[in-house]
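Enquirer:
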Amino acid sequence: MRREAFVGIGTGLACLCAAAAMWCFFNLATVSLSEQRAAQVLAQAGPKGAAAYSAAWADGRLTRNDMRELREEAGRDIDAWIAAPHPPGVR
110 MRREAFVGIG TGLACLCAAA AMWCFFNLAT VSLSEQRAAQ VLAQAGPKGA AAYSAAWADG
170 RLTRNDMREL REEAGRDIDA WIAAPHPPGV R
């Protein structure tokens, strides 16, 4: 009876460690070169995108979490540009 309980606890801990390792890999791993090029384009969307880009490269690498934040800030820049008044024919 005791042995089964220890096996169950060990299996649970192993699954928990595997899930934590996968989370770290998928969120903290560096992105590919094509994603880095996409980040450069997003940095040109406006001041918030540029600030997020420079903050993302502060540690010398670009992670998936950094890309998520960069996309969010560049989207805010694009939304602000769309909401801003433009002369007729400029959109």
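Per the numbering used here, residue 110 is the first one in the sequence shown, and the count goes up by one each step. Glycine is no exception: its CB is placed at the ideal position from the N, C-alpha and C atoms. These numbers come from a predicted model, not from an experiment.
Is it a yes or a no for the stretch 156-166 touching the stretch 129-143, going by three-plus beta-carbon pairs under 8 Å?
Expert: Short answer: they don't touch.
Enquirer: Excluding five sequence neighbours on each side, which residues of the same chain lie with their C-beta closer than 6 Å to the C-beta of A130?
Expert: Cβ within range, chain order: n/a, list empty.
Enquirer: Please report whether the beta-carbon of N136 lies at a distance below 7 Å from any beta-carbon of chain D.
Expert: Chain labels in this structure do not include chain D; a single protein chain is all it has.
Enquirer: Does the Cβ of A193 have 16 or more other Cβ atoms within 10 Å, making it buried, or fewer, making it exposed?
Expert: When all chains shown are included, A193 counts as exposed.
Enquirer: Kindly list the residues whose CB is nearer than 7 Å to the CB of M176, restricted to its own chain and excluding five residues on each side of it in sequence; keep chain order.
Expert: V140, E144 and A148.
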